[in-house]
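Take a look at the structure set out below.
2 protein chains.
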Amino acid sequence: MNFSSKLLENAVAEFARLPGVGQKTALRLVLHLLNQNKQEVEQFSHAITKLRNEIQFCTRCHNISDTSICEICSSHKRDASVICVVEDTRDVMAIENTSQFNGLYHVLGGLISPMDGIGPSDLQVDSLVERLKDGEVREVIFALSATMEGDTTIFYLHKKLKHFNINISTIARGIAFGGELEYVDEITLGRSIVTRVPYENSLTK
Amino acid sequence: MNFSSKLLENAVAEFARLPGVGQKTALRLVLHLLNQNKQEVEQFSHAITKLRNEIQFCTRCHNISDTSICEICSSHKRDASVICVVEDTRDVMAIENTSQFNGLYHVLGGLISPMDGIGPSDLQVDSLVERLKDGEVREVIFALSATMEGDTTIFYLHKKLKHFNINISTIARGIAFGGELEYVDEITLGRSIVTRVPYENSLTK
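Structural data, given as C-alpha cells:
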C-alpha cells in the first residue's frame, strides 16, 4: 500500500501486527481513530499502556489481577479443595460464565508445545505442585483444549501429580449440546460411545 | 463478561469501541498486547497518539499528509488539469494502486447522507469550487461509491460545477472483471447493456 503519510503508515503497521488484523482492517481502524477527538484517542492508548505497565498476576493462581491475590483466590465462598487447571485467563472467564464451578483455578499461562518452543519450564507447573503439598486439595480438574498440545500438557502434569493422594480428572469430551450426530467427527463420536454416562447423570440440572 | 481485573476490562472496552471489533476479539487483542514487552506496547500506543496529534491534511486536496501540501499535489509529474473527486484517503490509495490515473485528487471527507446527519457543509465542497475558478482544470472525475449516498453527492456536486466550462465524468459502472453474468444483479447488468462500449475501447491496455 502507498500511504500519503508516514504517521499513518506507522500507525497502520502497528495495528497490522495484532493477530488477525491485516493491512486493510488496520487502515480502517486507524482512520476510525483519526475521526475521534484527541481526548478519546488519548484515552484509548492510555488504557493500553496502563494495562501493560500496571498489570499484576495473582501470586497463587497466576490469573490476571489488580491485586497480588485475586478475587477468586481470596474469596471465602470458594471451595479451596478443588483446583481447575486452565491455559489462560480467557478459560477462567469462560468457566466462570457457566456458574458450574465453585473451586479455585490454576492458570498455566500456555500449553506444552515443542513446535512453538514452549516447554514445561515456561508454564506455572512448579507452583501447582507447591499448592498440592499442604494436603488441602482433594481434586485437580484439567480443563485444557482438546488438542495435541492440551493432551501433551495433561499427560505431563498427570505424571507430576499422580503421587499426591488426590483425584485427577479432565472435563468431559463428547458431542456438544445441540450438535447433530451426522456432523460429529468420528473420533469424538467413537469416544463418546466408549465414555457413555448413565442417563440420569446426563440430565442438565 | 466477568473480568478478573479492572485494567483489563478498561482496555478491552476501549478496543471493543473500534468498528467491527466485538468483546471477544477485543480480549484476544488485549491479551496479545499483554504478552508483548513493555517497549513494544509503548510503541503501539505512541504511534496512535502521535498520528492523532500531528496529522495534517493537504490544504489543496484535503488528503492525509505529513506536510501542508501533499506529495501528489506538489508533484510536477501529475496532470493538474484533471481532478478526481473521492470520498476519503482509502479511495486515493485504491486509485493510486491501479496506476491508471495521473491527475490530482480532491478528498471530500465523506458523502452526503441525511440519515447520518452529513450535509454538503460537512464536506470539502467550497474548496473544490475554488480550485476550478482559475480555469486550469479541464475535467472533474467523480470516483464515488455506487450507493445512494454516492449518487446523491454526485447529483449535488454536478449542479454546483456544471456552469464551469469543464468535462464532468463518473467512473464506469458495469460488471467486474472476472464476474460471472448469472450472478450480476439486474440493475448493474441492465445499465451495462445501455452503457455498452465499442469493443476496441473495452480492451485493457
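Chains A and B are the protein sequences, given in the same order.
This note's numbering applies: residue -8 is where the first sequence begins, and numbers increase by one.
This note's numbering applies: residue -8 is where the second sequence begins, and numbers increase by one.
From the three backbone atoms N, C-alpha and C, an ideal C-beta is built for every residue, glycine too.
None of the values given here were measured: they were computed from a predicted structure.
For residue i, is the classification buried or exposed, using 16 other Cβ atoms within 10 angstroms of its Cβ as the cut-off for buried?
| i | result |
| --- | --- |
| A:H97 | buried |
| A:L172 | exposed |
| A:Q115 | buried |
| B:T144 | buried |
| B:V31 | Residue identity check: residue 31 of chain B is Glu in the sequence provided, not Val. Result: exposed. |
| A:T50 | exposed |
| B:E78 | buried |
| A:S36 | buried |
| B:A17 | buried |
| A:T138 | exposed |
| B:I63 | buried |
| B:R43 | buried |
| B:S193 | exposed |
| B:T80 | buried |
| B:S59 | exposed |
| B:S(-5) | buried |
| B:I178 | exposed |
| A:V12 | buried |
| B:V3 | buried |
Counting along the chain, where does the beta strand (DSSP E) carrying residue i start and finish?
| i | result |
| --- | --- |
| A:F133 | 130 to 133 |
| A:Y96 | 94 to 98 |
| A:N(-7) | From DSSP, A:N(-7) is part of no beta strand (DSSP E); its letter is neither H nor E. |
| B:N158 | 158 to 161 |
Just reading off the alpha helix (DSSP H) that residue i is part of, what are its end residues?
| i | result |
| --- | --- |
| B:V83 | 80 to 89 |
| A:C75 | No alpha helix (DSSP H) holds A:C75; the beta strand (DSSP E) holding it covers 70 to 77. |
| A:I63 | 62 to 65 |
| A:S36 | 29 to 45 |
| B:N26 | 14 to 26 |
| B:S193 | 190 to 193 |
| B:S118 | 117 to 123 |
| A:S183 | 177 to 185 |
| B:T138 | From DSSP, B:T138 is part of no alpha helix (DSSP H); its letter is neither H nor E. |
Report the CB separation of residue i from residue j in whole angstroms; it is logged as a contact under 8 angstroms.
| i | j | result |
| --- | --- | --- |
| A:I157 | A:V128 | 6 angstroms |
| A:A38 | A:I86 | Not confirmed; about 26 angstroms, so no contact. |
| B:C88 | A:N1 | Reading the sequence as shown, one finds Asn at residue 88 of chain B and not Cys. Contact flag wrong, Cβ pair sits at about 20 angstroms. |
| A:D117 | A:G101 | Not really, about 14 angstroms apart at Cβ, beyond 8 angstroms. |
| B:G165 | B:S183 | 4 angstroms |
| A:S72 | A:E130 | 7 angstroms |
Measuring alpha carbon to alpha carbon, tell me which residue in the options is nearest residue i.
| i | options | result |
| --- | --- | --- |
| A:C75 | A:H53, A:D57, A:I60 | A:H53 |
| A:K41 | B:T40, B:K29, B:I46, B:I39 | B:K29 |
| B:G141 | B:R69, B:D125, B:D82 | B:D82 |
| B:C61 | B:I46, B:V73, B:S72 | B:I46 |
| B:H67 | B:F48, B:I55, B:L95 | B:L95 |
| B:V185 | B:L22, B:N93, B:A163 | B:A163 |
| A:G126 | A:G169, A:P111, A:H154 | A:H154 |
| B:H23 | A:S183, A:I132, A:E5, A:T179 | A:E5 |
| A:L20 | B:R8, B:Q14, B:Q27, B:L25 | B:R8 |
| A:S56 | B:L(-1), B:L123, B:V120 | B:L(-1) |
| A:R69 | A:Q91, A:T80, A:F48, A:T58 | A:Q91 |
| B:K151 | B:V188, B:V12, B:E121 | B:E121 |
| B:P10 | A:L119, A:T179, A:Q27 | A:Q27 |
| B:I132 | B:I103, B:F146, B:S160 | B:S160 |
| B:K251 | A:E33, A:K(-3), A:F48, A:G170 | Outside the displayed range of chain B (-8 to 196) lies residue 251 of chain B, so it cannot be described from this structure. |
| A:L99 | A:Y147, A:G169, A:G170, A:F168 | A:Y147 |
| A:H149 | A:L25, A:V175, A:E191, A:P111 | A:P111 |
| B:Q14 | A:K15, A:Q34, A:M84 | A:M84 |
Output, in chain order, the set of chain C residues within a Cβ distance shorter than 7 angstroms of residue i.
| i | result |
| --- | --- |
| B:R43 | Any reference to chain C falls outside this structure, whose protein chains are A and B. |
- request: Please list the residues of the region 74 to 90 of chain B that have a C-beta atom closer than 8 angstroms to any C-beta atom in chain A, keeping them in chain order.
  value: D79, T80, R81, V83, M84, E87, N88
message: If the cut-off is 8 angstroms on Cβ atoms, which residues from the region 20 to 36 of chain B count as contacting chain A, listed in chain order?
response: L20, V21, L22, H23, L24, L25, Q27, K29, V32, E33, Q34, F35, S36
Residues of the region 48 to 60 of chain B whose Cβ lies closer than 7 angstroms to any Cβ of chain A, in chain order: N54, I55, S56, D57
- prompt: Taking any Cβ of chain B, which residues in the region 86 to 120 of chain A have a Cβ under 9 angstroms from it, in chain order?
  reply: E87, N88
query: Between the region 2 to 20 of chain B and chain A, which residues of the former have CB atoms less than 7 angstroms from a CB of the latter, in chain order?
result: A2, E5, L9, P10, L18, R19, L20
task: Check distances from the C-beta atoms of the region 122 to 146 of chain B to those of chain A and list, in chain order, the residues that come in under 9 angstroms.
output: none
task: Could you list the residues in the region 157 to 187 of chain B with a C-beta less than 7 angstroms from some C-beta on chain A, going in chain order?
output: none
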